[in-house]
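Down below is the structure, laid out as structure tokens.
There are 2 protein chains.
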Amino acid sequence: MSPQLIAVSIDRDSPIPLYHQLARQLTAAISDGQLQPGDPFENEVALGTRLQVSRPTVRRAIQEMVDQGLLIRRRGLGTRVANRKVHRKFELSSLYDELEREDRRPGTLVLERETVVNERAASALDLPATTPLLSIVRVRTAEGSPLAILHNWLPPAHADITREDLEQTGLYAALRARGCRPVVARQSIGARKPTPTERKHLRIHGTQPVLTMTRMAFDSEGKAIEFGDHCYRSEDYTIDLMVDER
Amino acid sequence: MSPQLIAVSIDRDSPIPLYHQLARQLTAAISDGQLQPGDPFENEVALGTRLQVSRPTVRRAIQEMVDQGLLIRRRGLGTRVANRKVHRKFELSSLYDELEREDRRPGTLVLERETVVNERAASALDLPATTPLLSIVRVRTAEGSPLAILHNWLPPAHADITREDLEQTGLYAALRARGCRPVVARQSIGARKPTPTERKHLRIHGTQPVLTMTRMAFDSEGKAIEFGDHCYRSEDYTIDLMVDER
DNA sequence: CATATGCGAATGTCAGGACAATCTCTCGAT
DNA sequence: ATCGAGAGATTGTCCTGACATTCGCATATG
Numbered sequence: 001m002s003p004q005l006i007a008v009s010i011d012r013d014s015p016i017p018l019y020h021q022l023a024r025q026l027t028a029a030i031s032d033g034q035l036q037p038g039d040p041f042e043n044e045v046a047l048g049t050r051l052q053v054s055r056p057t058v059r060r061a062i063q064e065m066v067d068q069g070l071l072i073r074r075r076g077l078g079t080r081v082a083n084r085k086v087h088r089k090f091e092l093s094s095l096y097d098e099l100e101r102e103d104r105r106p107g108t109l110v111l112e113r114e115t116v117v118n119e120r121a122a123s124a125l126d127l128p129a130t131t132p133l134l135s136i137v138r139v140r141t142a143e144g145s146p147l148a149i150l151h152n153w154l155p156p157a158h159a160d161i162t163r164e165d166l167e168q169t170g171l172y173a174a175l176r177a178r179g180c181r182p183v184v185a186r187q188s189i190g191a192r193k194p195t196p197t198e199r200k201h202l203r204i205h206g207t208q209p210v211l212t213m214t215r216m217a218f219d220s221e222g223k224a225i226e227f228g229d230h231c232y233r234s235e236d237y238t239i240d241l242m243v244d245e246r
Numbered sequence: 247m248s249p250q251l252i253a254v255s256i257d258r259d260s261p262i263p264l265y266h267q268l269a270r271q272l273t274a275a276i277s278d279g280q281l282q283p284g285d286p287f288e289n290e291v292a293l294g295t296r297l298q299v300s301r302p303t304v305r306r307a308i309q310e311m312v313d314q315g316l317l318i319r320r321r322g323l324g325t326r327v328a329n330r331k332v333h334r335k336f337e338l339s340s341l342y343d344e345l346e347r348e349d350r351r352p353g354t355l356v357l358e359r360e361t362v363v364n365e366r367a368a369s370a371l372d373l374p375a376t377t378p379l380l381s382i383v384r385v386r387t388a389e390g391s392p393l394a395i396l397h398n399w400l401p402p403a404h405a406d407i408t409r410e411d412l413e414q415t416g417l418y419a420a421l422r423a424r425g426c427r428p429v430v431a432r433q434s435i436g437a438r439k440p441t442p443t444e445r446k447h448l449r450i451h452g453t454q455p456v457l458t459m460t461r462m463a464f465d466s467e468g469k470a471i472e473f474g475d476h477c478y479r480s481e482d483y484t485i486d487l488m489v490d491e492r
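Just so you know, the sequences run in chain order L and E.
No gaps in the numbering here: position 193 of the first sequence is 193 in this note's numbering, and each next residue is one more.
Counting from 1 along the second sequence, just add 246 to a position and that's the residue number in this note's numbering.
Here it is as structure tokens:
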């Protein structure tokens, strides 16, 4: 009944922090199925001694995994692998990434790409109302069928994103390639009847509604990255997320 | 341009951890407006010296606030109060709490309260399929108008929640009163046409859709607390949330 | 004048130790 | 046999200390 020892190799010369190297490999052991939900986890001090790292480093690695819902810690008892249901899949991802991960052949049709002045978007991004923004309208398809209409506004710093960038990789991937990583976003999700234009582009029949989401995304320094106003075919799409209180 | 010194009193005899005492008071200084977005923040070592606490303690307090989007840290530069747009309002709350906070006179009409066996709910809560669950159906009103139909299933441990509990306080408040705190939840949000029953209870006219949300909530130990299947009048309700990647 | 270089300041990482709080389990007394 | 006290194990909190990394800015250099 002693906890399973997970093989971990740590590289002290790597620029990647030790606690993160640790967390990545321990996380892999869980997603590999090497550790099952409910399994006991090697205790902090033993793990530290075995791997020749200090307890704070081990604690930080474990904390990372606890924050992601992978582990449950209880004082006096120990650490265990959490129930699979509470494992956090993802937090901040884009539709394109999701479709790609599920292998559903995502495609993009760029309907518009121009510089505009839009007070609502500028205000959402916390920029002056007259700031020129890059406005992008796309139709996202999966396996050839339209799934969503995505309208995004970007601050001037990213005004040089091209149609090709968008068609080949998706907006978030293009932003990441430019070293711009969204870290925090405020989203608002609702539902409504589609407009005639939306009905046409999304091939909506009858009285099916659309699911709408607006999003303001910021980087780690709090700089605005993107404002998006999206609408999805409700038959084909739900928004899944984990929320947690720490 | 030296940073503003925030008055903080720490009580070393309190059972509340020092880092949390610190974080609470510094957070208060921001919500009070004592510190404005963009203001520089006293650096870690100075703060520690001034308050006679160690640097790790200060760091942990600051980290708590960074996690909530209140502060921005940049190596080599310092810490600043974040842009207000990225301040996280709340993460995991209930409709009742939200309405109450906005002073919209929430009310509850309990339509059903009985013990059932439901495979879908049991599976979502990671319980055996034949576990008897308390099934609760409520209509939530705000200022007298119906806003949502809430269908929840609870594990046997909470089978003694009464109609009165639900009518007076709301489900989450009742659970909290029993020492049961939801910490992590998995949600799925979508949209669809309402059923005839929903149209009647929510007084939906024409072809207005409903916004739907299902939620599985767990406590800090990963134990199931609640499975909910809700639907909202889309004209009156959006789901707002912050997502972040750390 | 433009560009490098270097310095100070601040946060990031890591170590090692000490004690407290909490849980489980065993052992002993009744 | 049952119940309670205590021991052991494990995580939670806090401290001190050290060095690395990154950024802005002033100064030196071409």
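Using N, Cα and C, we set each Cβ at its ideal position, and we do this for glycine too.
So the candidates are the options; which of them puts its Cα closest to the Cα of residue i?
| i | options | result |
| --- | --- | --- |
| PRO374 (chain E) | E:ILE382, E:LEU380 and E:VAL363 | E:VAL363 |
| THR387 (chain E) | E:GLU346, E:ALA405, E:ALA403 and E:THR376 | E:GLU346 |
| ARG120 (chain L) | L:ILE149, L:ARG178, L:GLU42 and L:THR214 | L:THR214 |
| ALA248 (chain L) | L:LEU22, L:PRO17 and L:ASP13 | Nothing in the structure corresponds to residue 248 (chain L), since chain L is present only between 1 and 246. |
| LEU154 (chain L) | L:SER145, L:ASP165, L:ALA148 and L:THR115 | L:THR115 |
| LEU380 (chain E) | E:ASP343, E:GLY324 and E:PHE473 | E:PHE473 |
| TYR342 (chain E) | E:PRO261, E:ALA420 and E:PHE464 | E:ALA420 |
| TYR478 (chain E) | E:VAL327, E:VAL489 and E:ARG384 | E:ARG384 |
| ALA28 (chain L) | L:SER9, L:GLU44, L:PRO17 and L:SER14 | L:SER9 |
At the 7 Å Cβ level, is residue i part of the contact set with chain E, yes or no?
| i | result |
| --- | --- |
| GLY78 (chain L) | no |
| GLN4 (chain L) | no |
| ALA185 (chain L) | yes |
| MET65 (chain L) | no |
| LEU202 (chain L) | no |
| SER123 (chain L) | no |
| LEU241 (chain L) | yes |
Under 7 Å, Cβ to Cβ, is there at least one residue of chain L near residue i?
| i | result |
| --- | --- |
| LEU380 (chain E) | no |
| ASP285 (chain E) | no |
| THR273 (chain E) | no |
| MET315 (chain E) | The sequence given here has Gly at residue 315 (chain E), not Met. It does; some Cβ of chain L falls within 7 Å. |
| SER260 (chain E) | no |
Using DSSP with H/G/I as helix, E/B as strand and the rest coil, what is residue i?
| i | result |
| --- | --- |
| VAL81 (chain L) | strand |
| ASP343 (chain E) | helix |
| PHE90 (chain L) | Confidence is the limiting factor: at PHE90 (chain L) the pLDDT is only 47, short of 50, which leaves the residue's position unreliable and the question unanswerable from this model. |
| ALA191 (chain L) | strand |
| ALA174 (chain L) | helix |
| PRO352 (chain E) | strand |
| ALA7 (chain L) | coil |
| TYR232 (chain L) | strand |
| ARG203 (chain L) | coil |
| THR484 (chain E) | coil |
| ARG75 (chain L) | coil |
| LYS427 (chain E) | One point to set straight first is that residue 427 (chain E) is Arg, not Lys, in the sequence displayed. DSSP places ARG427 (chain E) in coil when its eight states are reduced to three. |
| ARG258 (chain E) | coil |
| GLU467 (chain E) | coil |
At a CB-CB cut-off below 9 Å, which residues of chain E make contact with residue i?
| i | result |
| --- | --- |
| SER31 (chain L) | Per Cβ cutoff of 9 Å: no residues; SER31 (chain L) is ~17 Å from chain E at best. |
| SER54 (chain L) | Going along chain E, no residue has its Cβ under 9 Å from SER54 (chain L), so there is no contact; the nearest lies around 13 Å. |
| SER9 (chain L) | What SER9 (chain L) touches in chain E: nothing, since even the nearest Cβ is about 25 Å away. |
For residue i, return the contacting residues in chain E, with the cut-off set at a CB-CB distance below 8 Å.
| i | result |
| --- | --- |
| LYS193 (chain L) | THR453, GLN454 and PRO455 |
| GLU221 (chain L) | ILE318 and ARG320 |
Interface residues of chain E around residue i at Cβ under 7 Å?
| i | result |
| --- | --- |
| THR264 (chain L) | Only positions 1 to 246 of chain L appear in this structure, which leaves residue 264 (chain L) out of reach. |
What does residue i reach in chain L if we use C-beta pairs closer than 7 Å?
| i | result |
| --- | --- |
| SER391 (chain E) | Those within 7 Å of SER391 (chain E) in chain L number zero; the least Cβ separation is about 17 Å. |
What are the start and end residues of each continuous beta strand (DSSP E) run of 3 or more residues lying completely inside the segment 125 to 170 of chain L, in chain order?
-> 132 to 142 and 145 to 154
Beta strand (DSSP E) segments (min. 3 residues) lying fully within the segment 22 to 70 of chain L = none
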